[in-house]
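Here the structure is laid out as structure tokens; the discussion comes afterwards.
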Amino acid sequence: MKICSREYRLKFKKSERGASFYCNGADAQGNGLVEIGDYGDVEFVGGIIIHEALEAILFEDGKRLCPPVNEGDHTRYVFLFDHDYLDGLQNKILDALLTSGFFKLVDGRKKKRKGKK
Numbered sequence: 030m031k032i033c034s035r036e037y038r039l040k041f042k043k044s045e046r047g048a049s050f051y052c053n054g055a056d057a058q059g060n061g062l063v064e065i066g067d068y069g070d071v072e073f074v075g076g077i078i079i080h081e082a083l084e085a086i087l088f089e090d091g092k093r094l095c096p097p098v099n100e101g102d103h104t105r106y107v108f109l110f111d112h113d114y115l116d117g118l119q120n121k122i123l124d125a126l127l128t129s130g131f132f133k134l135v136d137g138r139k140k141k142r143k144g145k146k
């Protein structure tokens, strides 16, 4: 999948629970990596991919801040951005989701029938 123009590899580890992303280092072999534990439910996996992709985007864009306390506690990261940043975020999220291979766009708008207004 592609996150902020960087290739991230999706890796499923049946021996693990939870999920994480790496933007570099040994685990990612110098590249991006989204790692997902053993989840059988495809909808749950989709939610995990959304969570990790969004967090990786915010990290790549410098919007994820380390917590002021409990260093090492990943549940306490703070994300900081304004509405102007939010306006462009949807395209990055969409790109990440579509390139993951787990999502596709369908046109859900109602189509007008011929002869009807």
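Per my numbering, the sequence shown starts with residue 30, numbered consecutively.
Glycine included, each C-beta is placed from N, C-alpha and C at the ideal position.
Note that this is a predicted model, so its numbers are computed, not measured.
Classification of residue i by the beta-carbon crowding that lies within 10 angstroms, buried from 16 upward
i, result
"Glu-84", "buried"
"Gly-61", "buried"
"Tyr-106", "exposed"
"Leu-87", "buried"
"Ser-129", "buried"
"Glu-36", "exposed"
"Val-71", "exposed"
"Tyr-51", "buried"
"Leu-134", "exposed"
"Leu-123", "exposed"
Nonlocal neighbours in the same chain, by C-beta distance under 7 Å from residue i, ignoring five residues either side
i, result
"Leu-109", "Lys-92, Leu-94"
6 Å Cβ shell around residue i - same chain, five flanking residues per side excluded
i, result
"Glu-45", "Gly-66"
"Ile-78", "Ser-129, Phe-131"
Neighbourhood of residue i by C-beta, 8 Å cutoff - its chain only, sequence neighbours within 5 removed
i, result
"Thr-104", "none"
Identified DSSP bridge partners for residue i
i, result
"Tyr-51", "Leu-62"
"Lys-43", "Answer is none; Lys-43 lacks a bridge partner."
"Glu-36", "Lys-31"
- Message: For the region 103-120 against the region 135-143, do three or more pairs of beta-carbon atoms, one drawn from each stretch, fall closer than 8 Å, so that the two count as touching?
- Response: With the cut-off at 8 Å, the region 103-120 and the region 135-143 do not touch.
- Message: Runs of 4 residues minimum, wholly inside the region 75-146: which ones carry the alpha helix (DSSP H) assignment?
- Response: Note on the region 75-146: whole alpha helix (DSSP H) runs with a minimum of 4 residues are 112-129, in chain order.
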